[in-house]
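Here's the structure we're looking at; comments come further down.
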Amino acid sequence: MQGGLMSKSEHENLRADIAPTNKVQVAAIFEDKHEAQTTAEQLTANKGISPQQVTLIDGQDEKLSQKLEGSSEKIGKHMWNSHLVLGGIGLLVGLLFAFILVEFGPALTQQNPLFTYIALISPGIFTGLFIAGLLGLRPDRSQIIQTVRHAVRRKKVALVINLEKSQSVSDVSQFLNNRSNTVVEAIR
Numbered sequence: 001m002q003g004g005l006m007s008k009s010e011h012e013n014l015r016a017d018i019a020p021t022n023k024v025q026v027a028a029i030f031e032d033k034h035e036a037q038t039t040a041e042q043l044t045a046n047k048g049i050s051p052q053q054v055t056l057i058d059g060q061d062e063k064l065s066q067k068l069e070g071s072s073e074k075i076g077k078h079m080w081n082s083h084l085v086l087g088g089i090g091l092l093v094g095l096l097f098a099f100i101l102v103e104f105g106p107a108l109t110q111q112n113p114l115f116t117y118i119a120l121i122s123p124g125i126f127t128g129l130f131i132a133g134l135l136g137l138r139p140d141r142s143q144i145i146q147t148v149r150h151a152v153r154r155k156k157v158a159l160v161i162n163l164e165k166s167q168s169v170s171d172v173s174q175f176l177n178n179r180s181n182t183v184v185e186a187i188r
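My numbering applies: residue 1 is where the sequence shown begins, and numbers increase by one.
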């Protein structure tokens, strides 16, 4: 958050409402590799960040996507599971509403139970799968990914930090804001 419009506690409370700290990733863009490495060393020395949490990405890096996103198998498994679970929940909600209408609803729904079930199960499944798709798209991730890709194409270097539970998002972001013009945060 450039400009510092939020106080430290407001920033942390907002972040905590969205996701736990160990699910947050912060990226900063630097003009050259030396500047990024120096900042990484200062970050590990002063903010309690371990070297394993810090990733340096430059133009020659062939594993850009893996460093930003992690394992594609893990992402695919999460998407598959969310579609199954939310599609199943949609099916159950559709069945429940159809049952209620067939048992206690207007005469039209009581006289046509098959059509009532079809009419309510279909949108229930669709809604569940639609919500799972929205969760899988992760629009919050696109800002950090696009910022890093854009910087790397322009021969700049990105420093990506995967935070852990005991670490403060606002402290790390403020530290990076003092050394870089571009700092972005996203939920992993």
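Glycine included, every Cβ here is placed at the ideal spot set by N, Cα and C.
Open item on the list: For a quick check, are the C-beta atoms of H83 and L129 less than 7 Å apart?
Closed with: Taking the first residue of the sequence shown as position 1, residue 83 is located at position 83. Taking the first residue of the sequence shown as position 1, residue 129 is located at position 129. The answer is yes: Cβ separation under 7 Å.
- [ ] Could you tell me whether the Cβ atoms of A208 and I57 are closer together than 7 Å?
- [x] Residue 208 is absent from the structure shown; the chain starts at 1 and stops at 188.
Task: Cβ separation of L90 and T127, assumed to be a contact under 8 Å, to the nearest whole Å - done: As a first step, residue 90 is located in the sequence shown; it is residue number 90 there, counting from the start. As a first step, residue 127 is located in the sequence shown; it is residue number 127 there, counting from the start. Looking at the sequence shown, residue 90 is not Leu but Gly. 5 Å between Cβ atoms; contact.
- [ ] Identify whether L95 lies in helix, strand or coil by the three-state DSSP scheme.
- [x] For the purposes of this step, residue 95 is identified with residue 95 of the sequence shown, where counting begins at 1. Three-state result, L95: helix.
TODO: Please name the residue or residues paired with E185 in a DSSP beta bridge.
DONE: Counting from one through the sequence shown, the residue named residue 185 turns up at place 185. Partner(s): V26.
TODO: May I have the straight-line CA-CA distance separating K165 from Q111, to the nearest angstrom?
DONE: Numbered from 1 along the sequence shown, position 165 holds the residue referred to as residue 165. Numbered from 1 along the sequence shown, position 111 holds the residue referred to as residue 111. The alpha-carbon atoms of K165 and Q111 are separated by roughly 57 Å.
Task: Among A186, T182, I161 and N181, the one whose alpha carbon lies nearest that of K47 - done: Position 47 of the sequence shown holds residue 47. Answer by Cα proximity: I161.
Task: Residues of its chain near R141, where Cβ-Cβ distance is below 7 Å and the 5 sequence neighbours each way are ignored - done: For the purposes of this step, residue 141 is identified with residue 141 of the sequence shown, where counting begins at 1. So the qualifying residues of the chain are A186.
TODO: Pull up the distance between the alpha-carbon of A98 and that of T109, whole angstroms please.
DONE: The residue labelled residue 98 in the question sits at position 98 within the sequence shown. The residue labelled residue 109 in the question sits at position 109 within the sequence shown. If you take the alpha carbons of A98 and T109, they lie about 8 Å apart.
Task: Ordered list of alpha helix (DSSP H) runs contained in the segment 33-77, each at least 4 residues - done: 33-46 and 64-69
- [ ] Compute the Euclidean distance between the alpha carbons of E62 and L86, then round it to the nearest angstrom.
- [x] Sequence index remark: in the sequence shown, residue 62 carries index 62 (1-based). Sequence index remark: in the sequence shown, residue 86 carries index 86 (1-based). Using only the alpha carbons, I get a separation of about 35 Å.
- [ ] Can you give me the Cβ contacts of K33 inside the same chain, cut-off strictly under 8 Å, excluding the 5 residues immediately before and after it?
- [x] By one-based count along the sequence shown, residue 33 stands at place 33. Once the five neighbours on either side are set aside, the close Cβ partners of K33 are L56, D58 and V157.
Task: Reduced DSSP category for L159 - H, G, I as helix; E, B as strand; rest coil - done: Counting from one through the sequence shown, the residue named residue 159 turns up at place 159. L159 falls in the strand class under three-state DSSP.
TODO: Assuming G124 contacts G105 (C-beta within less than 8 Å), just tell me the rounded distance between them.
DONE: As a first step, residue 124 is located in the sequence shown; it is residue number 124 there, counting from the start. As a first step, residue 105 is located in the sequence shown; it is residue number 105 there, counting from the start. Not quite, the Cβ-Cβ distance comes to about 16 Å (not below 8 Å), so this is no contact.
Task: Rounded C-alpha distance that separates I145 from I121 - done: If you number the sequence shown from 1, residue 145 lands on position 145. If you number the sequence shown from 1, residue 121 lands on position 121. In a straight line, the C-alpha of I145 is about 37 Å away from that of I121.
Task: Cβ pair V54, S173 closer than 7 Å - done: Taking the first residue of the sequence shown as 1, we reach residue 54 at position 54. Taking the first residue of the sequence shown as 1, we reach residue 173 at position 173. Result no, Cβ atoms of V54 and S173 do not sit closer than 7 Å.
Open item on the list: To the nearest angstrom, how far is the alpha carbon of A119 from that of L135?
Closed with: Within the sequence shown, the letter at position 119 stands for residue 119. Within the sequence shown, the letter at position 135 stands for residue 135. Computed Cα separation, rounded: 25 Å.
TODO: Have a look at Q60, G76 and P51 and flag the residue whose alpha-carbon is nearest the alpha-carbon of G133.
DONE: In the sequence shown, the residue the question calls residue 133 occupies position 133. Nearest of Q60, G76 and P51 to G133, Cα basis: G76.
- [ ] Leaving aside the five residues before and after K23 along the sequence, list all residues of the same chain whose C-beta is less than 7 Å from its C-beta, in chain order.
- [x] Here residue 23 refers to the residue found at position 23 of the sequence shown. So the list reads I187 and R188, once near-sequence residues are dropped.
- [ ] May I ask which residues mark the beginning and end of the alpha helix (DSSP H) holding Q110?
- [x] The sequence position of residue 110 within the sequence shown is 110, counting from 1. Where Q110 is concerned, the enclosing alpha helix (DSSP H) stretches over A107 to Q111.
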